[in-house]
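Here's the structure, in structure tokens; my notes come after.
So this is what it looks like as structure tokens:
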């Protein structure tokens, strides 16, 4: 098969699940596959699941693994995309894992590794929320707050390869160390903690009535249900998080003169447009200059598939660049 | 003269003075010239002073204006570098001035226009503070707080052409509109206002003793003198501004994974290293990840000449690109 028309595989490697897809050279999903990650089983077991998932998706797509032009993977954590190494992924219990090299040995095709939010933003920008933008920030609100940056049409890594980490920018410099960043104040984890604390302190909430003391399993969709039903306590906590995200988004838009921000992640997907609109409203009041108020903010559309498409796209781009 | 060896002119167009320099193709200053800006005389008068300044510098360098490969200008305010238009420059009382076109008609050589801090950062990066960096933020602390960004080795403009405006990022979202940004809290103007207000309220300060009621002419160098002499009141106000600049710098370093920040402008030049070190210390505590703590922060070295060199460099780069 000629390189330009070869299919590629994209993998979104999450802490809980991995989504795998074989994607045609013109970005149509040919076949999906899914595996549990089960990080507690260790590196070799995860690698075996990736390999078998890729093989399954290829079989479904009626191709051989050797027909793939390459494989792209988005991994949750710090990644060196140039050397294909996962530097640190807390959810996977990985440190300095040469993922590209390991998988290339097993699968005999080129493997490209990047951060999961980076590849999701790439996927959203190309296929998801609206038209392509040259300058775009992705903000993923879930367990933590992740970010990814496209500048001048390309993923931007910066000197220490950590660019885009908006979740780790500081909102309250005088707060204690564990309570000063965007992530500390706006993640789903924080939102749930605050709601639970207020309910435990005796405040009324329809969410409190529903969970009836089962404080350990409050999911994004539970928060969303009571937010959308206008529960006062849940609204106050979530709106406060959205307003603070708005400050961080505004500062990124001002500093980089961004035309678009895409917001994704579990909490965003569960609540949807009202959450994104609240962030937008907060940010619009704070950006500079007047021109920046025209920036656009959208909810991610591809959801689970953003990572698969973005990873495949990145692999297509890098493999073509390497052959130039 | 062959294009590659032609000299260029660089102009740093300030609200008070303009610095002009004829620079060789390998970035040696061949001849300087200086003019008052006198913005109150209007556009035509300023243009006439630019033209005569360029002519004088060329005469001193023993060349004709027509020998120049091009002219670069840094203007204080919002600039459209692609069309060579000064969109808005409050200090010059200009709005939508097609500066490149006007000067090309008068001088018959290509003219490139950019923001003054952008060209200063470019000059500093190439010739000034330390080795060249691919990713660098410039923060200019004077009347206001200006900024400029180099990413992947090139000036970064963003979608609305306003990238780098760190002075307009928000520190205190809940403050009133005129008191929430970095500029509102860290400029020389604010520092002086605060010092004066505290002295007027009866607090002791050696600066207060020196100015003896003449509150309207407190310059950067007066502030610097009493800061360096360890006056408690001046130190508190200036250190607070530096600490807040540190927060904004940290967030920019985290978001962009920057390797270097260069700090310039009137207040920085007057106080020097202690001011820059204070910003560095504050920022280092707040950046993420650990790797980002290796970022470097330096005081501008070229001072007045940064703009002249940067403007000439930009013109060299753009004219060569256009000929490709």
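Protein chains in written order, with my numbering: chain A, 1 to 324; chain B, 1 to 324. For each residue, glycine too, the CB sits at the ideal point set by N, CA and C.
Straight-line Cα distance separating residue j from residue i
i	j	result
residue 51 of chain B	residue 102 of chain B	11 Å
residue 271 of chain B	residue 187 of chain B	13 Å
residue 135 of chain A	residue 259 of chain A	6 Å
residue 234 of chain A	residue 224 of chain A	9 Å
residue 139 of chain A	residue 31 of chain A	28 Å
residue 128 of chain A	residue 34 of chain A	21 Å
residue 297 of chain B	residue 278 of chain B	10 Å
residue 220 of chain A	residue 112 of chain B	52 Å
residue 275 of chain B	residue 164 of chain A	28 Å
residue 122 of chain A	residue 264 of chain A	12 Å
residue 301 of chain A	residue 262 of chain B	39 Å
residue 318 of chain A	residue 149 of chain B	26 Å
residue 291 of chain A	residue 281 of chain A	15 Å
residue 48 of chain A	residue 155 of chain A	29 Å
residue 41 of chain B	residue 92 of chain B	10 Å
residue 226 of chain A	residue 208 of chain A	10 Å
residue 320 of chain A	residue 70 of chain A	10 Å
Residue i in three-state terms, based on DSSP
i	result
residue 70 of chain B	coil
residue 228 of chain A	helix
residue 180 of chain B	coil
residue 321 of chain A	helix
residue 172 of chain A	coil
residue 9 of chain B	strand
residue 152 of chain A	coil
residue 200 of chain A	helix
residue 19 of chain A	strand
residue 260 of chain B	strand
residue 233 of chain A	helix
residue 276 of chain B	helix
residue 83 of chain A	coil
residue 214 of chain B	coil
residue 115 of chain B	strand
residue 255 of chain A	helix
residue 64 of chain A	coil
residue 35 of chain B	strand
residue 88 of chain A	strand
Residue-chain proximity (residue i, chain B), Cβ-Cβ < 7 Å
i	result
residue 172 of chain A	no
residue 40 of chain A	no
residue 92 of chain A	no
residue 8 of chain A	no
residue 158 of chain A	yes
residue 190 of chain A	no
residue 179 of chain A	no
residue 165 of chain A	yes
Cβ-Cβ separation, residue j to residue i (assumed contact under 8 Å), whole Å
i	j	result
residue 65 of chain B	residue 107 of chain B	6 Å
residue 57 of chain A	residue 21 of chain A	6 Å
residue 231 of chain B	residue 206 of chain B	5 Å
residue 68 of chain B	residue 8 of chain B	6 Å
residue 267 of chain B	residue 141 of chain B	5 Å
Cβ of residue i within 7 Å of any chain A Cβ
i	result
residue 257 of chain B	yes
residue 143 of chain B	no
residue 289 of chain B	yes
residue 280 of chain B	no
residue 380 of chain B	The structure shown does not extend to residue 380 of chain B, since chain B spans only 1 to 324, so no value can be given for it.
residue 115 of chain B	no
residue 168 of chain B	yes
residue 125 of chain B	no
residue 292 of chain B	yes
residue 210 of chain B	no
residue 118 of chain B	no
residue 100 of chain B	no
residue 135 of chain B	yes
residue 262 of chain B	no
Neighbour flag for residue i against chain C, beta carbons, 7 Å
i	result
residue 205 of chain B	As a matter of chain content, chain C is missing from the structure shown, whose protein chains are A and B.
Assigned exposure category for residue i - 16 Cβ within 10 Å defines buried
i	result
residue 213 of chain A	exposed
residue 157 of chain A	buried
residue 117 of chain B	buried
residue 203 of chain B	exposed
residue 82 of chain A	exposed
residue 5 of chain B	exposed
residue 143 of chain B	buried
residue 305 of chain A	buried
residue 254 of chain A	buried
residue 100 of chain A	buried
residue 176 of chain A	exposed
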